[in-house]
Structures are given as structure tokens and as C-alpha cells.
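This note's numbering puts the last residue of the sequence shown at 317; the count rises by one with no breaks.
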Amino acid sequence: MRNAKGAVLVAVSSAEVRQHMCDTLNSIDPGFAISAVKTTAALRDVISSRPIDLLIMSDQFSGKPSLEIIEQLGTQSHKTLIVMVADHFSEETISQSRKHHLYDCIQTPVDAPALQRVLKRCEAQKCRLSTLIVDSQPTARHLIYKMLSESPFNLTISEAENGALAVSLSKAIRYHILFVDPDSTSWMGPASVKQIMKLQQHCRIVLMSPHDKDLLLQLYEGCEIAGFLKKPFYRKDLERLLHEILAIPAPNLLNLNFFSEQIPLATDEVGAEASKEAEDESEIIWL
Numbered sequence: 031m032r033n034a035k036g037a038v039l040v041a042v043s044s045a046e047v048r049q050h051m052c053d054t055l056n057s058i059d060p061g062f063a064i065s066a067v068k069t070t071a072a073l074r075d076v077i078s079s080r081p082i083d084l085l086i087m088s089d090q091f092s093g094k095p096s097l098e099i100i101e102q103l104g105t106q107s108h109k110t111l112i113v114m115v116a117d118h119f120s121e122e123t124i125s126q127s128r129k130h131h132l133y134d135c136i137q138t139p140v141d142a143p144a145l146q147r148v149l150k151r152c153e154a155q156k157c158r159l160s161t162l163i164v165d166s167q168p169t170a171r172h173l174i175y176k177m178l179s180e181s182p183f184n185l186t187i188s189e190a191e192n193g194a195l196a197v198s199l200s201k202a203i204r205y206h207i208l209f210v211d212p213d214s215t216s217w218m219g220p221a222s223v224k225q226i227m228k229l230q231q232h233c234r235i236v237l238m239s240p241h242d243k244d245l246l247l248q249l250y251e252g253c254e255i256a257g258f259l260k261k262p263f264y265r266k267d268l269e270r271l272l273h274e275i276l277a278i279p280a281p282n283l284l285n286l287n288f289f290s291e292q293i294p295l296a297t298d299e300v301g302a303e304a305s306k307e308a309e310d311e312s313e314i315i316w317l
């Protein structure tokens with residue numbers, strides 16, 4: 031099957047837009063298995079019968095608000111990255127999209143670059159990333175572990191209570207990302223970074239600290255530091271950093287100013303009803 035990179039399902043109200051989006055996705059990367067549905071029943075059938083890595087939905091689908099449909103799907107879609115598309119998003123829709131842990135909201139017409147970045151994010155989901163939290167404070171480790179476990183990225187998470195254990199684990203386990211509080215017991219600053227990087231040259235090290243970023247990074251000058259998180263930080267901060275480390279453009283829902291930065295609707299489009307184009311004959315389109 032042609033789905034090595036993942037399965038993408040398009041659930042868009044307009045038949046014309048639905049087909050155009052499928053064609054564009056296929057032209058961007060034919061390595062994805064791309065299908066489309068036109069009814070809520072077909073959507074449920076597909077989601078329940080096979081893994082879907084990426085679901086692209088219009089904000090109104092099959093006569094219902096998409097958020098309502100997503101909520102009804104429940105755990106059936108919990109491993110699926112969900113992207114909602116609309117002419118314009120209200121503040122309430124954006125807020126609810128974040129609450130329901132949608133991956134992104136994108137204004138229509140959806141262009142190729144926007145689809146390219148969501149496909150890149152979808153492909154990244156196929157790679158399991160091994161992470162290590164290095165922090166001497168059990169409470170801090172627990173909070174960071176919880177945030178990482180709730181991340182939509184595919185992560186394996188380990189913990190180390192001190193720098194010596196972190197170095198020891200790095201000798202046996204290949205880590206993609208280390209999240210390090212430099213005040214951790216037996217963490218030797220730049221020396222520990224260089225020791226770990228010698229063991230794993232492709233590992234990314236992120237410093238987490240309440241101290242000033244610029245002053246701290248000066249102490250690590252000459253070391254390969256991939257990022258910095260100022261304590262206390264939140265899940266959205268962690269998500270932004272993971273996108274940055276993996277060179278994936280961040281989704282609009284991580285932009286706190288997304289609502290005000292949307293392209294405004296033309297005057298004659300304000301209050302327009304959702305598309306009422308005729309449905310095509312087949313419920314599922316396979317490419």
C-alpha cells in the first residue's frame with residue numbers, strides 16, 4: 031500500500047474543494063495514502079476501521095459543526111492530527127480548537143505551502159523521538175514528563191535526577207533530545223554537554239532554567255545548545271520548541287495572535303453560508 035508516510039483523510043464540505051485538496055496533497059507528496067469522505071457516517075467508518083494520521087476538515091461538515099463531530103468521535107481520533115479549515119475563524123472556534131487539542135486551524139483557500147507543512151508534521155509522527163529529562167527536582171520532572179506525554183509528537187520519555195546519571199544513560203541509549211536543568215546535581219555545565227555530544231553527536235540539548243537566557247547561554251558559549259525554555263514554561267512553549275528543533279513551521283494554534291492576524295473576509299463574504307455544492311456519488315475517493 032502507498033502509505034509509508036501516513037494516511038490522510040479529507041473531510042471538506044465542498045466537492046470541488048475536496049477534490050482539489052486531494053489532488054494538491056497527492057502532487058506535493060505521493061508517498062501519503064490520501065482519501066476523502068463526504069458524510070459523517072463515512073468519516074466514522076474510516077476513523078474506526080483504520081489508523082488515520084492526518085484529518086483535514088472544514089469547520090462545517092455534513093451539516094454539522096466539525097468540533098461537535100470531533101467530540102463525538104472521542105478516543106477514535108486521539109492519535110490523529112486534526113486540521114480544521116475555514117474562510118475565517120471566530121475567537122470561540124479557535125479557543126475550542128485548542129481545548130480539543132486540534133493540531134491547526136488554516137484559512138481557506140488552503141495553499142500548497144500550508145499543506146506541505148502539515149504533511150511534514152504528519153511524516154514526523156512516524157519517527158519515535160527518545161527524550162531525557164534531567165532535573166534534580168522530582169516535582170519539576172513530573173510536570174515536564176506530563177507535558178511531554180501530552181504532546182502530539184511521538185515521544186519516548188526517560189528521566190534522570192542528576193548529571194552523572196544522564197551521562198551514564200547516554201552511553202547506552204540513543205537520545206534525540208535532552209531537556210536539562212543546568213542546576214541539576216552533578217551536572218558539570220559545558221563539560222557535561224561536550225561529554226554527551228561526544229557520545230551522541232546528533233543529540234539536541236535544551237536548557238531549562240529560571241535564570242536569564244542570555245547570561246546562561248554565555249556560560250555555554252561554544253557548546254551545541256539547541257534551545258532554551260525559561261522556567262516556568264507551559265505546554266505551548268514546549269510545542270513551539272519541538273517544532274523549531276525539528277525544523278517544522280509551527281501551527282497557527284500556537285500563535286496567540288492568530289485571531290487578529292487572520293486575513294479578513296471580503297465584505298460580500300461576511301456571513302456567507304457554508305458551501306451547498308452537490309455531493310458527489312462516491313463517499314470515499316482514493317488516490
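Note that CB positions come from ideal geometry on N, CA and C, so glycine has one too.
Candidates the options: closest to residue i by CA position
i	options	result
residue 122	146, 288, 246, 272	288
residue 60	48, 43, 82, 37	37
residue 52	84, 294, 286	84
residue 87	80, 78, 79, 97	97
residue 242	152, 259, 74	259
residue 232	160, 35, 215, 183	160
residue 55	141, 273, 186	141
residue 74	58, 93, 100	100
residue 58	146, 292, 204	146
residue 94	296, 69, 76	69
Assigned exposure category for residue i - 16 Cβ within 10 Å defines buried
i	result
residue 286	exposed
residue 198	exposed
residue 124	buried
residue 82	buried
residue 180	exposed
residue 127	buried
residue 212	buried
residue 264	exposed
residue 41	buried
residue 80	exposed
residue 152	buried
Three-state class that DSSP yields for residue i in the structure shown
i	result
residue 75	helix
residue 251	coil
residue 203	coil
residue 161	strand
residue 119	coil
residue 189	strand
residue 134	strand
residue 112	strand
residue 81	coil
residue 310	Per-residue confidence for residue 310 stands at a pLDDT of 42, beneath the threshold of 50, marking its modelled position as unreliable; the derived number appears in the next sentence. Correct three-state label for residue 310: coil.
residue 64	strand
residue 218	coil
residue 90	strand
residue 261	coil
residue 236	strand
residue 276	coil
residue 168	helix
residue 289	helix
Whole-angstrom C-beta distance between residue j and residue i, which should lie under 8 angstroms
i	j	result
residue 247	residue 257	Not quite, the Cβ-Cβ distance comes to about 10 angstroms (not below 8 angstroms), so this is no contact.
residue 67	residue 113	Rounded, the Cβ-Cβ distance is 15 angstroms, inconsistent with contact.
residue 282	residue 134	6 angstroms
residue 103	residue 65	Between residue 65 and residue 103 the Cβ distance is about 16 angstroms, and since that is not below 8 angstroms, they are no contact.
residue 164	residue 229	That belief does not hold up - the Cβ atoms of residue 164 and residue 229 are roughly 14 angstroms apart, past 8 angstroms.
residue 166	residue 191	6 angstroms
residue 116	residue 138	6 angstroms
Check: residue i C-beta below 6 angstroms from any heavy atom of the ligand GDP
i	result
residue 216	As for the ligand GDP, it is missing from this structure, which has no ligand bound.
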